[in-house]
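This report concerns only the one structure given below.
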Amino acid sequence: ALIQDLTQQRIMLNQQLQQAATVAQNNQLVAMINELTDRLNLLREAAADPTTKRELDALVPRQREAFVQAVIGLRHLVDVTSERYKALAEDPQVKEALADLNRKTKAKLTLGPSRSFLASAKLLEKVEASVLTATVELRKAGGVYWLDATFNGKVTKPMVFDTGAGITTLPAELADEIGLKPGPTDPSVSCKTADGTVVRAKLMTVPALRVGKFTVKDVECAVMPRGKADVPPLLGVTFHKFFTYKFSPESGTLVLTKVDTPEEQERRAAPRTGSSRASRSRRAARPDGPSTSGNKGDPAGPN
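Letter 53 of the sequence shown, counting from 1, is numbered 672 in the numbering used here, and no numbers are missing.
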């Protein structure tokens, strides 16, 4: 089933590649196609080679995150381009120039995205619907279920999905890697570990934590003392309280459904007022990810 899904995604991306309007769009689509091809090749080899399967298990999370980030980057590029068209359409100088051109020709000219751009945007929506799903794959190891989480759009690490953990917990080494440095002024909290030990951890905040397509801003976490290196990173209620979720141990999947908080409902209903609007939505879960810009240069081609 996974091979079939990936093959379908590659077909859709190849169709979109034929209509790429810019070098940046071409290069991002080529990167996505190449990543899908690599994953398909590894999946086919893994069926006959246990060693390759272990290598695949380690590679797939990185490939998946790279693919998701590429789709997010394309969405950012499309949105920025659309906003630019809108701004130009409202520019008095552009309006005057367009009116001047129309006075000199019988064919009426309009400013807006090309047909190929609009077609590519529609294809991107299909890719987003098939790739950026709310279903997260879990891996069972050591009697617990693991998933991949991305911190601040940069660092991807496996975490234990724990329905009983009240707070997201990070080992000191992981906190260091994502730039969290507990200090004496940070509040402390008592945490009970799996072996029954109670330790004092430091309360801190992860600026952005993404699982699958969902990003939550300002996630409260407990950073373990350095003497408790045996405590795994736990994804707790401080992250998944923003969702309803269905955990299926049999299929090894976690289905996340976004929950609208009162703050989000208020934000959508209220007029846009800049900083107050931003502050109300800081802790909202978003079905997107960090913005990325397209690469510049010569167009690339699929491997």
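Glycine residues also receive a C-beta, built at the ideal position from the N, C-alpha and C atoms.
- Taking the CA atoms as reference points, T754 sits about 16 Å from V779.
- T754: member of the beta strand (DSSP E) spanning T754 to E756, first to last residue.
- Residue pairing from DSSP places Y764 in a beta bridge opposite K759.
- In the DSSP assignment, A708 forms no beta bridge with any residue.
- With a contact defined as Cβ atoms closer than 8 Å, L766 and L854 qualify at about 7 Å.
- Cβ-Cβ distances below 6 Å link P826 to N771 in the same chain, with the five nearest sequence neighbours on each side left out; the list follows chain order.
- Between the beta-carbon of A768 and that of V830 there is about 5 Å, and that keeps the pair under the 8 Å contact cut.
- The beta carbon of V808 sits closer than 8 Å to the beta carbons of I786, R819, A820, K821, L822 and A841 from its chain, once the five residues preceding and following it are set aside; these are given in chain order.
- Beta-bridge partners assigned by DSSP to P777: D767.
- Residue L696 holds the alpha-carbon nearest to the alpha-carbon of N646 among T626, K773, L696 and A813.
- By the criterion of at least three beta-carbon pairs nearer than 8 Å, the stretch 623-633 is in contact with the stretch 650-658.
- In terms of Cβ geometry, L873 and L757 form a close pair [threshold 7 Å].
- Residue state for M843 is assigned as coil, using DSSP reduced to three classes.
- CA-CA distance, Y764 to D781, rounds to 8 Å.
- Secondary structure remark: continuous beta strand (DSSP E) runs of at least 3 residues inside the stretch 806-874, in chain order: 807-811, 817-830, 833-842 and 862-867.
- T787 sits in a strand when the DSSP states are folded into three classes.
- L720 counts as exposed, since fewer than 16 other beta carbons sit within 10 angstroms of its beta carbon.
- Residue environment analysis places T857 among the buried positions, since at least 16 neighbouring C-beta atoms fall within 10 angstroms of its C-beta.
- The alpha-carbon separation between T834 and K800 amounts to approximately 22 Å.
- Annotated as distal: L707 and V699, with beta-carbon spacing of 7 Å or more.
- Q635 is positioned such that its CB atom lies closer than 7 Å to that of S739.
- Taking 8 Å as the upper bound for CB-CB distance, L625 and L659 are in contact here, some 5 Å apart.
- For the set V774, K836, V838 and P851, the Cα lying nearest the Cα of T812 is the one of P851.
- Around the beta carbon of L793, 16 or more other beta carbons lie within 10 angstroms, which makes this residue buried.
- Taking the Cβ atoms as the reference, V838 lies roughly 28 Å from V746, outside the contact range of under 8 Å.
- For a cut-off of 8 Å, the C-beta gap from L728 to L717 is around 6 Å, short enough to register as a contact.
- In this structure, the beta-carbon distance from S735 to A640 falls below 7 Å.
- Between C810 and V817, the alpha-carbon positions lie close to 5 Å from each other.
- Here A726 is exposed: its Cβ has fewer than 16 other Cβ atoms, across all protein chains shown, within 10 Å.
- Taking C-beta atoms as the reference points, E796 and V774 count as a pair closer than 7 Å.
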